[in-house]
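Colleague: In our numbering, the protein residues as written are 2 to 359. The beta-carbon is built from N, C-alpha and C at its ideal position, and this holds for glycine as well.
1) What is the C-beta distance between residue 205 and residue 150, in whole angstroms, given that I count them as a contact (C-beta under 8 Å)?
2) Kindly list the residues whose CB is nearer than 8 Å to the CB of residue 316, restricted to its own chain and excluding five residues on each side of it in sequence; keep chain order.
3) Give, in chain order, every unbroken run of the beta strand (DSSP E) that is at least 3 residues long and sits entirely within the segment 148 to 195.
4) On the three-state DSSP scale, how would you describe residue 327?
5) Opposite residue 75 in the DSSP bridges: which residues?
6) With the cut-off set at 7 Å, would you say residue 92 and residue 61 are in Cβ contact?
7) Do you know offhand how far residue 90's Cα is from residue 34's?
8) Return the chain-ordered list of same chain residues with a C-beta closer than 7 Å to the C-beta of residue 193, the five sequence neighbours on each side being excluded.
9) Measure the CB-CB distance between residue 1 and residue 51 and report whether it falls below 7 Å.
10) Which of helix, strand or coil does DSSP assign to residue 104?
11) Checking 7 Å against the spacing of the C-beta atoms, do residue 218 and residue 176 come in under that value?
12) Can you tell me the Cβ-Cβ gap for residue 113 and residue 23, rounded? I've got them flagged as a contact below 8 Å.
13) Mind checking if residue 225 is an interface residue toward chain C, Cβ cutoff 7 Å exclusive?
14) Please report how far the alpha carbon of residue 111 lies from the alpha carbon of residue 202, in whole angstroms.
15) For residue 37, does the three-state DSSP call read helix, strand or coil?
16) Put residue 32 into one of helix, strand or coil per three-state DSSP.
17) Nearest-angstrom Cα distance between residue 49 and residue 143?
18) Output needed for residue 120: all residues of its chain with C-beta closer than 6 Å, excluding positions within five of it in sequence on either side, in chain order.
19) Let me know the secondary structure DSSP gives residue 118 once reduced to three states.
20) Could you give the DSSP three-state label for residue 203: helix, strand or coil?
21) Please report the distance separating the alpha-carbon of residue 154 from that of residue 97.
22) Can the beta-carbon of residue 36 be found closer than 7 Å to that of residue 87?
23) By the three-class DSSP mapping on this structure, what secondary structure does residue 236 have?
24) If you check the beta carbons only, do residue 138 and residue 7 fall under 7 Å apart?
25) Could you tell me the boundaries of the alpha helix (DSSP H) in which residue 21 lies?
26) Start and end of the beta strand (DSSP E) containing residue 225?
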């Protein structure tokens, strides 16, 4: 019997709570021990052990064959003694000639918190015992975690589904939920949506390598909408629907700054743009009239010139230095007037809509 033949497998079933918090379990493991009556020989006495006559006590038989390649020898297990080399003429009454007896060993197994389903706990020297060779095998405890109704595990987190009435989803409430530590209060915020996840921190499975680190217990929300309601409930729901419809009709869309688009984009903006257009138009008319007067004076002074020269002067007048100074002054006045107009429009907009600031 090899060392691996001395090992024992034992299946241990745990509850979900035991796998989360750990447990000490007392078990009885059936194992094989060397028979004390025959010391593992399987014979009634030492005189009942004879050497095998077929193999001469070697446990193997050599057979020689002639082949085209020459003489070939092959050693096979002796069929009479099964490779032991001895034959027992009278077997032990205690073990029946097997040399081992079956017994139950009581022991305590310590399961650490946070074990996974299918994990193995190895206990050295707790397997089958061979007293003749002075060795013992190991005990391998295979852990099986029983499922708990309504709770399942994924990694270090526990999950559950909870049903919330539609009125509770709207108003919010506190529900009693089942956890591995018993019933706990779970706060349901108002406006919860179907499929949302709520959690109780540090109510999951601890890390087996670092028990102080523990997962969460997460709850997936399912909103219960009744298929049938009473007349009074229907009336109340219709009133609620009417109130929400009226509220939506009176809502004013707001832009990103929180200002109404209808008031912000149309009235102040259009008013400022119209004032600016009127100012530009008036200034342009003044410049045009001034240029026309200047051109008329130049045409009168050059009446003796030929026609092509008059036409050229009418399209590209030769401005005097005084006229250039006047034009620069007009442009400067126009820019100053435009800045004042824009500043006035901005102040008026802020006074009309002070709530648009963020």
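Modeller: Let me lay it out:
1) In fact, because the Cβ distance is near 18 Å, the residues do not count as touching under 8 Å.
2) A caution first: residue 316 carries a pLDDT of 43, below 50, which makes its placement in the model unreliable, though a value can still be read off. Counting only Cβ-Cβ distances below 8 Å, and skipping sequence neighbours, we find nothing.
3) If we require 3 residues or more, the beta strand (DSSP E) runs fully inside the segment 148 to 195 come out as 153 to 155, 158 to 166, 174 to 180 and 183 to 189.
4) In the structure shown, the three-state DSSP call for residue 327 is helix.
5) In the DSSP output, where bridge partners are listed per residue, residue 75 has 64.
6) The Cβ-Cβ distance between residue 92 and residue 61 does not fall below 7 Å.
7) The alpha-carbon separation between residue 90 and residue 34 amounts to approximately 23 Å.
8) 165, 170 and 222.
9) Because the chain is modelled from 2 through 359, residue 1 falls outside the range shown and cannot be assessed.
10) Here DSSP, grouped into helix, strand and coil, assigns residue 104 to strand.
11) The answer is no: Cβ separation not under 7 Å.
12) With a contact defined as Cβ atoms closer than 8 Å, residue 113 and residue 23 qualify at about 5 Å.
13) Absence of chain C from the displayed structure is noted, only one protein chain being present.
14) Looking at the two C-alpha atoms, the distance is approximately 27 Å.
15) DSSP places residue 37 in the coil class of the three-state scheme, outside both helix and strand.
16) Residue 32: strand per DSSP, three-state reduction.
17) C-alpha separation (whole angstroms): 42 Å.
18) Taken in chain order, the residues that qualify are 144.
19) The answer is coil: DSSP assigns residue 118 none of H, G, I, E or B.
20) It is coil, neither helix nor strand.
21) Taking the straight line from one Cα to the other gives about 50 Å.
22) No, the pair does not count as a contact, with Cβ atoms beyond the cut-off.
23) In the structure shown, residue 236 sits in a helix (DSSP, three-state: H, G or I).
24) Taking 7 Å as the Cβ cut-off, residue 138 and residue 7 qualify as a contacting pair.
25) Per DSSP, residue 21 belongs to the alpha helix (DSSP H) from 17 to 22.
26) Its beta strand (DSSP E) spans residues 218 to 225.
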